[in-house]
Amino acid sequence: MRMFALAMLRGLHAGASITLGLLAACWLGLAGAAHAEAAGMRTLDQAEFRSSGTEHWAPVDLPDTWALRGRPAGGSGEYRLTLRLDAVPDIPWALELDRLSPAHEIYLNGTLIDLHPPEDRMVPVPGLIRLPPQLLQAGDNQLRLKLEYSHRGGLSGIQAGPTYLMERAYAHAMWWEHELVQHLNLAAAVLAALLLTVAWRQPHEQAIGLFGALGFISSVRNYVFYGDLLAWPIDWMEKFVFAAMIWMGALLLAYAHCLHFKRPLPHPRLFWGLLCAVAVLVACLPAPWLPTARIIAYAVLAVMNLRSIQLVVAAARTARDFTHWALCACLLGIFFAALHDFAFQLLGWLPITHSPALTRVLPLVLCGYSGLLLLRLFDAMAQVDQLNRSLETRVALRTRDLDAANAAKTRFIATASHDLRQPLVSVSLLLGLLRQEMAKTASSAAVQDLFARLGRAVSAMEDLLKHLLDFSRLDGAGRKPPEPSPVRLQQVFEAVLAHESSHAQLKGLQLRMRPTRHTVLSDPVLLEQILRNLVNNAIRYTERGGVLVAVRARPSPGRVQLCVWDTGTGIAADAREAIFEPFVQLHNPSRIGSEGLGLGLTIVRHAALQLGHALELASQPGRGSCFKVTLALSNTSGPRAATQMPAADA
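Just add 363 to wherever you are in the sequence shown, counting from 1, and you've got the working numbering.
Dropping the structure here:
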């Protein structure tokens, strides 16, 4: 967000600068028009011209463009003009020219007043020439200008007047030719960087990334063309601009392809590799070959631009929205601006007073269309936020309904378990009475076996209902929070031993609980549930050997571990999480036919989570398992005579 805010501030700064500049230009134009008549300004639009090395002077009208008169666009020439003054001015005067060669010699009444030697880049630029007051005279004053151009040779009309007015006009011309272009392209670069950031964060938005790359490359190209980087060697600067134009045409075509076919580029790495290869090829191109290469490449780029426009028009006809048609208009503007620059800069078919159009049209178009894309992006983000809020509301409602259904289910299970236990207790009592009566009378072995089987079935049913009732209490929405208090572990051991010893004896197993004097902080009811279910589970799934319950000291002070060992077949590593899920029973051969619903260990985990006791499982297939519950010692705990078990038993 911070980067986004900084980028937006820079964009707003550039936009504000452009707006202020336009207002200043209007003000300067009005002020200049008001002062021109009063100050006696002169406009020089008639001159004589001769080529370098000739003596013949020919009259020409200003502005004068050499290519339009059939002369070579480069070379040297000389102009002669007459500045007529009614009287010698009492304030300094100057000349302001919209187009003047950087390499020039200017003479006033035969005296050299301004000299600039030839340089690499000799194209017409705005100029301001101050006239020495002592050389001006009443009547005719002769001006001679010797000019040298690399291309686009000629001379614009000349304004002569007070220096302060000419400086304003020159500042306005420089703002229009340079500062405006730089501000426009800076704003376009900021918006392009935002689009590239969006594409970077959303890789599937390849079309936005291509358009952002197009905008960024074009902005850098235009800034280099007019900015402070003109200190580069002219050959390298022209090669950079040429390579940037090729990249722009290729990126535009790739963007149109993605927009029309609604799919990313099939081979993006190959595409970018070819662009890099083209840049290297242009860098290695000999300077004399550059003009011919540009003419050929720009013709190919014109065809590529037409294809891009065709694809975008087809996409707009399919989409039928304002954004696509706006893009079509933008591409047409870029195409005609490129044709203008081709005719103006390379062919010399337009007057010297023209300016490159792409450097102004491209950033305006890119800013406008990038703004549309960003507005669409913001609208989409707003819709996503609205959908998220709607989804959150629906999830909250659905969660409330699910909680209500879960609470109803829990109440039903608890009620059904409780109601079913009452007749089951009666059946169990009746079985006990019948067993006593049968003991008084001789009964057949078959009848005794039936009664034994019936007793086991009733006992199993009691265990199932008890587990369901315990599970409903732990899973219920209205359950009471646990109330930790000092609990003597020996008392818990004795309660569990009294309940589970008969079960172990029926299976021929040895159930041992090593005495302990530890007192821990826990809920006595939940802690007994944990230990009873662990012991019951160990007895149920152990065929030979026995079950051992003991307490071990923890390395950390103030804690002990309650451990339950069995000598069963063990639990595989990939099943150690599943056994804690509700209604899950492992299908080990030794456990086939075991009773239960698979809720014992689920009850253990729920109770341990509520109490904040860590639950661990260590198991070795073929040797047995060990469940460990970490407990905090109470301040009233007795001596810590914790049992230390052999490492092999763990």
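Glycine included, each C-beta is placed from N, C-alpha and C at the ideal position.
Sorted by chain position, which residues of the same chain lie with C-beta nearer than 6 Å to residue i's C-beta, five sequence neighbours on each side aside?
i     : result
L498  : L471, N472, T474
F634  : L628
L674  : A619, H623
M404  : G524
E411  : W420, P422, R443
G711  : A430, A436
A720  : A700, H703, D704
A1013 : Low confidence applies to A1013: its pLDDT is 32, below 50, so where it sits in the model is not reliable enough to give any reading.
Between the C-alpha atoms of residue i and residue j, what's the straight-line distance to the nearest angstrom?
i     : j    : result
T722  : R443 : 33 Å
P426  : Y586 : 28 Å
D812  : M801 : 12 Å
E940  : A913 : 24 Å
W652  : V544 : 29 Å
H703  : L713 : 8 Å
A430  : A551 : 34 Å
V641  : A606 : 7 Å
Y661  : F705 : 8 Å
L478  : I469 : 7 Å
L874  : L860 : 8 Å
P654  : L664 : 15 Å
M1008 : V898 : Any reading at M1008 must be qualified, since the residue scores a pLDDT of 34, below 50, and its modelled position is unreliable; the value itself is stated next. In a straight line, the C-alpha of M1008 is about 18 Å away from that of V898.
T526  : R413 : 29 Å
P786  : L793 : 11 Å
S919  : T905 : 32 Å
N504  : V451 : 11 Å
P489  : H541 : 10 Å
A409  : W599 : Inspection of the sequence shows that residue 409 is occupied by Gln rather than by Ala. Between Q409 and W599, the C-alpha separation is close to 38 Å.
E755  : H969 : 28 Å
A743  : L727 : 24 Å
L765  : V747 : 26 Å
A394  : L528 : Confidence in A394 is poor, its pLDDT being 44 and thus under 50, which makes the residue's placement too unreliable to answer from.
A820  : V927 : 27 Å
I306  : L872 : Missing from the structure shown is residue 306; the chain here goes from 364 to 1013 and no further.
R462  : L644 : 34 Å
Just curious, the alpha helix (DSSP H) that residue i is in, first and last residue?
i    : result
L674 : 653-682
S865 : 852-869
L622 : 597-624
V645 : 631-646
D449 : It is not in any alpha helix (DSSP H) - D449 carries neither H nor E in the DSSP assignment.
Q973 : 963-974
D929 : Per DSSP, D929 belongs to no alpha helix (DSSP H); it is in the beta strand (DSSP E), 922-929.
L431 : Here L431 belongs to no alpha helix (DSSP H), and DSSP marks it neither H nor E.
F685 : 685-704
For the beta strand (DSSP E) holding residue i, just list the boundary residues, first then last.
i    : result
W456 : 456-463
I469 : 466-471
G540 : Note that residue 540 is Glu in the sequence shown here, rather than Gly. It is not in any beta strand (DSSP E) - E540 carries neither H nor E in the DSSP assignment.
Q873 : 873-876
L475 : 474-479
F990 : 987-996
F412 : 409-414
A938 : It is not in any beta strand (DSSP E) - A938 carries neither H nor E in the DSSP assignment.
A981 : 978-983
A421 : 421-424
Leaving out the 5 sequence neighbours to the left and right, which residues in its chain are closer than 8 Å to residue i when beta-carbon positions are compared?
i    : result
H862 : R895
A501 : L448, D449, A450, V451
P847 : L884, S885, D886, L974
Looking only at its chain, what residues have a beta carbon closer than 7 Å to the beta carbon of residue i, apart from the 5 residues adjacent to it on each side?
i    : result
T993 : R917, R922, Q924, H976, A977
N900 : G963, L964
R670 : L616
Y732 : A689, L690, C693
G933 : S982, Q983, P984, G985, R986, G987, S988
M667 : G612, L616
E891 : V855, A858, V859
Y533 : E459, P489, L491
P878 : Q853
G378 : Confidence in G378 is poor, its pLDDT being 46 and thus under 50, which makes the residue's placement unreliable; the coordinate value appears in the next sentence. Same-chain partners within the cutoff: A550.
I893 : V967, A970, A971, V992
*Indicate whether the contact test is met: 3 or more Cβ pairs, each with one atom in the region 986-998 and one in the region 877-889, closer than 8 Å.*
Flag = yes, the region 986-998 and the region 877-889 touch.
*Mind pulling the beta strand (DSSP E) runs of 3 or more residues that sit fully within the region 486-527?*
Runs of the beta strand (DSSP E) lying entirely within the region 486-527, each at least 3 residues long, are 488-494, 502-512, 521-525 in chain order.
*Quick one: any contact between the region 975-984 and the region 855-869, if contact means 3 or more CB pairs under 8 Å?*
Three or more Cβ pairs closer than 8 Å define a contact, and the region 975-984 falls short of that threshold against the region 855-869.
_Across the region 905-922 and the region 851-867, are there enough close Cβ pairs to call them in contact, namely three or more that are closer than 8 Å?_
Three or more pairs of CB atoms, one per stretch, sit closer than 8 Å, so the region 905-922 contacts the region 851-867.
*What residue ranges within the region 881-915 form continuous beta strand (DSSP E) runs of no fewer than 3 residues, ordered along the chain?*
List check, beta strand (DSSP E) in window: 882-885.
*Touching or not, the region 507-523 and the region 410-426, by the rule of three or more beta carbon pairs under 8 Å?*
At 8 Å Cβ cutoff, the stretches touch.
*asked:* Counting beta carbon pairs with one atom in the region 548-568 and one in the region 724-739, are three or more of them shorter than 8 Å?
replied: Yes: at least three Cβ pairs fall under 8 Å.
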